[in-house]
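For the sequence shown, the working numbering gives the first residue as 87, with consecutive numbering after it. We treat Cβ as the ideally placed atom computed from N, Cα and C, and that holds for glycine. Here the structure comes first, spelled out in structure tokens, and everything after it is commentary.
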Amino acid sequence: MTIRFTSARIILPDEGRILDGDLVIKDGIIAAFGAVEQPPDATDQCIDCRGTYLAPGIIDAGVKIGEPGERYKESFRTAGLAAIHGGITTLITRPDTTPPIDQPEMLEFFIRRALAATPVKVRPMATLTKGRDGQELAEIGLLSDAGAIGFSDCDSFVADSRVMANCMQYCQQIGALVVGHPQDPWLSNGAAVTSGKFATLSGLPAVSPVAEKIGLERDLSLAQATGCKYHADQVTTDLGLATLERAIRSGVDASAGVSIHHLTLNALDVADYRTFFKIKPPLRSEDDRLAVVAAVAANRIGIISSMHTPQDEESKRLPFAEAASGAAGLETLFPAALKLYHDGALTLPDIFRSLSSNPAQRFGLAGGVIRIGAPADIIQFETDTPFILDRFTLQSKSKNTPYDGDRMQGRILRTLIDGTIVYERPADGP
87 MTIRFTSARI ILPDEGRILD GDLVIKDGII AAFGAVEQPP DATDQCIDCR
137 GTYLAPGIID AGVKIGEPGE RYKESFRTAG LAAIHGGITT LITRPDTTPP
187 IDQPEMLEFF IRRALAATPV KVRPMATLTK GRDGQELAEI GLLSDAGAIG
237 FSDCDSFVAD SRVMANCMQY CQQIGALVVG HPQDPWLSNG AAVTSGKFAT
287 LSGLPAVSPV AEKIGLERDL SLAQATGCKY HADQVTTDLG LATLERAIRS
337 GVDASAGVSI HHLTLNALDV ADYRTFFKIK PPLRSEDDRL AVVAAVAANR
387 IGIISSMHTP QDEESKRLPF AEAASGAAGL ETLFPAALKL YHDGALTLPD
437 IFRSLSSNPA QRFGLAGGVI RIGAPADIIQ FETDTPFILD RFTLQSKSKN
487 TPYDGDRMQG RILRTLIDGT IVYERPADGP
């Protein structure tokens with residue numbers, strides 16, 4: 087099967103540029119792009135892009151799936167539908183399931199369910215410790231052999247530094263990536279917002295940004311001592327950013343991500359106590375938001391993710407301090423990222439460097455680039471059509487998005503995985 091896209095604007099995130107031309111896919115891989123000499127009639131399907139964009143499919147790092155244990159929040163089927171509607175071709179999933187993915191048998195079940203339920207590529211992480219309780223190492227070697235591409239206890243910070251050092255040492259020996267959630271647990275426990283004037287006036291339990299700095303300093307010190315590869319799932323403050331950069335300059339093999347929510351929202355957005363804005367870590371000050379956006383533009387923070395955390399209505403229909411943390415983000419990741427493009431904060435190559443090529447490189451995955459011989463995980467999109475986001479139109483089972491009612495611009499037109507069109511927006515679609 088050969089598909090040819092013509093008259094496209096092709097985003098090359100690894101080169102930081104946009105190329106006008108055609109793109110040819112043959113047998114699931116990219117066969118040619120740019121000024122293609124192959125005659126159009128040599129293809130099975132020809133799609134005129136009419137100046138719309140082609141880019142590598144989004145690789146979303148840090149996605150929560152409700153299987154097993156919380157299928158009522160999100161199943162593989164609904165997560166897959168949400169992903170392809172949102173231009174996501176690969177999901178890097180978190181192991182904070184119920185029970186957690188801390189045994190090879192659980193991981194194998196998870197992978198089989200994903201293969202049976204969705205065309206989206208699912209690449210799972212497994213836990214660092216058994217039960218995510220921070221006491222005893224999980225079977226890291228066996229989990230790696232079974233397909234885990236990274237190890238994390240997610241938001242269960244491994245407080246015992248000796249245990250964390252042992253985890254990192256083991257991962258270093260097998261070349262595995264450790265993914266941390268850097269928050270000092272004693273400072274951040276029970277916090278609903280970031281400390282500041284608003285937190286004081288609201289009376290909500292708050293955490294200082296220094297909790298992120300302390301958590302990062304501990305993890306990065308251990309990463310330096312053990313020589314392991316370390317990725318902070320979210321760096322959301324100027325303090326944390328400075329800590330990360332010092333460690334990288336000293337030779338630590340470290341990287342960081344940030345959620346799209348922390349790039350586009352700030353602490354004042356929770357002023358009406360709407361619990362859809364309660365996420366972990368909590369939204370930060372506008373100064374911190376701007377610092378992190380600048381760090382993404384400079385490639386100092388390498389990965390943007392949705393940190394998709396679906397919650398049921400009952401978990402969110404509670405007072406702000408008691409409500410569950412987290413936001414659904416698979417379908418909103420791309421249009422929210424385009425806000426940064428329309429604001430002039432990031433270019434399209436910047437955005438797809440952070441959404442596609444950097445996560446592929448850091449997690450050791452094929453794809454994330456437009457290159458001859460690369461998997462044809464491709465999205466076609468346009469950037470300008472305005473729409474009002476209605477959470478009830480989302481494909482996810484859970485609708486807990488802070489962007490509900492927001493005016494956005496840009497739509498996914500097609501999503502391809504290994505050269506197969508898995509989503510095509512109807513011509514008269516919303």
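- [ ] Report yes if the CB atom of Asp-92 is closer than 8 Å to the CB atom of Asp-108, and no otherwise.
- [x] For the purposes of this step, residue 92 is taken as the residue at position 6 of the sequence shown. For the purposes of this step, residue 108 is taken as the residue at position 22 of the sequence shown. Just to set this straight, residue 92 is Thr in the shown sequence, not Asp. For Thr-92 and Asp-108, yes; Cβs fall inside 8 Å.
Task: Under the three-state DSSP convention, the category Ser-391 falls into - done: Reading the sequence shown from its first residue, position 305 is the one you call residue 391. Note: Ser-391 maps to strand in three-state DSSP.
Open item on the list: Short of 6 Å in beta carbon distance, which residues of its chain neighbour Tyr-158, apart from the five on each side in sequence? Order them along the chain.
Closed with: Residue numbering aside, residue 158 sits at position 72 when the sequence shown is read from its first letter. Nothing meets the Cβ criterion.
Task: Whole-number beta carbon distance between Leu-349 and Arg-375, since they are thought to touch under 8 Å - done: Counting from one through the sequence shown, the residue named residue 375 turns up at place 289. Counting from one through the sequence shown, the residue named residue 349 turns up at place 263. Yes, they are in contact, since the Cβ atoms of Arg-375 and Leu-349 sit about 7 Å apart, within 8 Å.
Open item on the list: Taking the beta carbon of Lys-207 as the centre, do at least 16 other beta carbons fall within 10 Å, making it buried, or is it exposed?
Closed with: In the sequence shown, counting from the first residue as 1, residue 207 sits at position 121. It is buried - the Cβ of Lys-207 has at least 16 other Cβ atoms within 10 Å.
Open item on the list: With DSSP as the reference, identify every bridge partner of Phe-363, one or two as the case may be.
Closed with: The residue labelled residue 363 in the question sits at position 277 within the sequence shown. Paired residue(s): none; Phe-363 is not in a bridge.
- [ ] Please name the residue or residues paired with Ile-474 in a DSSP beta bridge.
- [x] As a working mapping, residue 474 is identified with position 388 in the sequence shown. The partner list for Ile-474 (beta bridge, DSSP) reads Arg-493.
Task: Cβ-Cβ separation, Ile-187 to Pro-210 (assumed contact under 8 Å), whole Å - done: Here residue 210 refers to the residue found at position 124 when the sequence shown is read from its first residue. Here residue 187 refers to the residue found at position 101 when the sequence shown is read from its first residue. The pair is a contact, with the Cβ atoms about 6 Å apart (cut-off 8 Å).
Task: Residues bridged to Lys-112 [DSSP beta-bridge criterion] - done: By one-based count along the sequence shown, residue 112 stands at place 26. Paired residue(s): Thr-88, Ile-115.
Task: Buried versus exposed call for Lys-366 [16 or more other C-beta atoms within 10 Å across all chains shown] - done: Your numbering for residue 366 matches position 280 in the sequence shown. Buried.
- [ ] If I'm right that Ala-224 touches Leu-193 with Cβ under 8 Å, what's the distance once you round it to whole angstroms?
- [x] Here the question's residue 224 lines up with position 138 in the sequence shown. Here the question's residue 193 lines up with position 107 in the sequence shown. With a Cβ gap of about 10 Å, Ala-224 and Leu-193 do not count as contacting.
TODO: Kindly identify the DSSP beta-bridge partner or partners of Val-208.
DONE: Looking up residue 208 in the sequence shown gives position 122. The partner list for Val-208 (beta bridge, DSSP) reads Leu-177.
Task: Pro-190 and Leu-228 closer than 8 Å at C-beta - done: Along the sequence shown, one-based indexing puts residue 190 at 104. Along the sequence shown, one-based indexing puts residue 228 at 142. Cβ atoms of Pro-190 and Leu-228: closer than 8 Å.
Open item on the list: For a quick check, are the C-beta atoms of Arg-370 and Thr-418 less than 8 Å apart?
Closed with: Here residue 370 refers to the residue found at position 284 of the sequence shown. Here residue 418 refers to the residue found at position 332 of the sequence shown. It is not a contact, given that the beta carbons lie outside the stated cut-off.
Open item on the list: Just to check my reading of the structure: Gly-525 and Ile-465 have Cβ atoms closer than 8 Å, yes? What is that Cβ distance to the nearest angstrom?
Closed with: For the chain, the structure presents residues 87 to 516; residue 525 sits outside this window and is missing.
Open item on the list: To the nearest angstrom, how far is the alpha carbon of Gly-137 from that of Arg-477?
Closed with: For this step, residue 137 is matched to residue 51 along the sequence shown. For this step, residue 477 is matched to residue 391 along the sequence shown. Gly-137 and Arg-477: Cα-Cα distance of roughly 29 Å.
Task: Cross-strand partners of Ile-464 (DSSP beta bridge) - done: Along the sequence shown, read from residue 1 onward, the residue named residue 464 stands at position 378. According to DSSP, which records beta bridges pairwise, Ile-464 is partnered with Pro-142, Leu-502.
Task: Limits of the unbroken beta strand (DSSP E) element including Lys-315 - done: Numbered from 1 along the sequence shown, position 229 holds the residue referred to as residue 315. Unbroken beta strand (DSSP E) run through Lys-315: 315-318.
Task: Helix, strand or coil at Leu-229 [DSSP, three-state] - done: Locating residue 229 in the sequence shown gives position 143, where the first residue counts as 1. The answer is helix: DSSP assigns Leu-229 an H, G or I state.
Open item on the list: Using only the alpha-carbon positions, how far apart do Gly-450 and Ile-145 sit?
Closed with: Translated into positions along the sequence shown, residue 450 becomes position 364. Translated into positions along the sequence shown, residue 145 becomes position 59. About 12 Å.
- [ ] Closer than 8 Å by C-beta to Ala-94: which residues in its own chain qualify, once you throw out the five before and the five after it? Chain order, please.
- [x] If you number the sequence shown from 1, residue 94 lands on position 8. Once the five neighbours on either side are set aside, the close Cβ partners of Ala-94 are Asp-106, Gly-107, Asp-108, Leu-109, Cys-135, Gly-137, Thr-138, Tyr-139, Leu-140, Gln-466.
Task: According to DSSP, residues forming a beta bridge with Ile-96 - done: As a first step, residue 96 is located in the sequence shown; it is residue number 10 there, counting from the start. Bridge partners of Ile-96: Leu-105, Leu-140.
Task: For Ala-31: DSSP bridge partner residues - done: Summary: the structure shown does not reach residue 31, with the chain confined to residues 87 through 516, and so no result is reported for it.
Task: Status (buried if at least 16 other CB within 10 Å, exposed otherwise) for Asp-130 - done: Here residue 130 refers to the residue found at position 44 of the sequence shown. The residue is exposed, with fewer than 16 neighbouring Cβ atoms inside 10 Å.
Open item on the list: Could you tell me which whole alpha helix (DSSP H) segments of length 4 or greater appear in the region 407-467?
Closed with: 419-428, 434-438, 444-449
Task: Cβ pair Arg-511, Ile-498 closer than 8 Å - done: In the sequence shown, the residue the question calls residue 511 occupies position 425. In the sequence shown, the residue the question calls residue 498 occupies position 412. Yes, Cβ-Cβ distance for Arg-511 and Ile-498 is below 8 Å.
Task: Val-296 versus Thr-286, Ala-147, Gly-282, residue with shortest Cα-Cα distance - done: In the sequence shown, the residue the question calls residue 296 occupies position 210. When each option's Cα is compared against that of Val-296, the closest is Gly-282.
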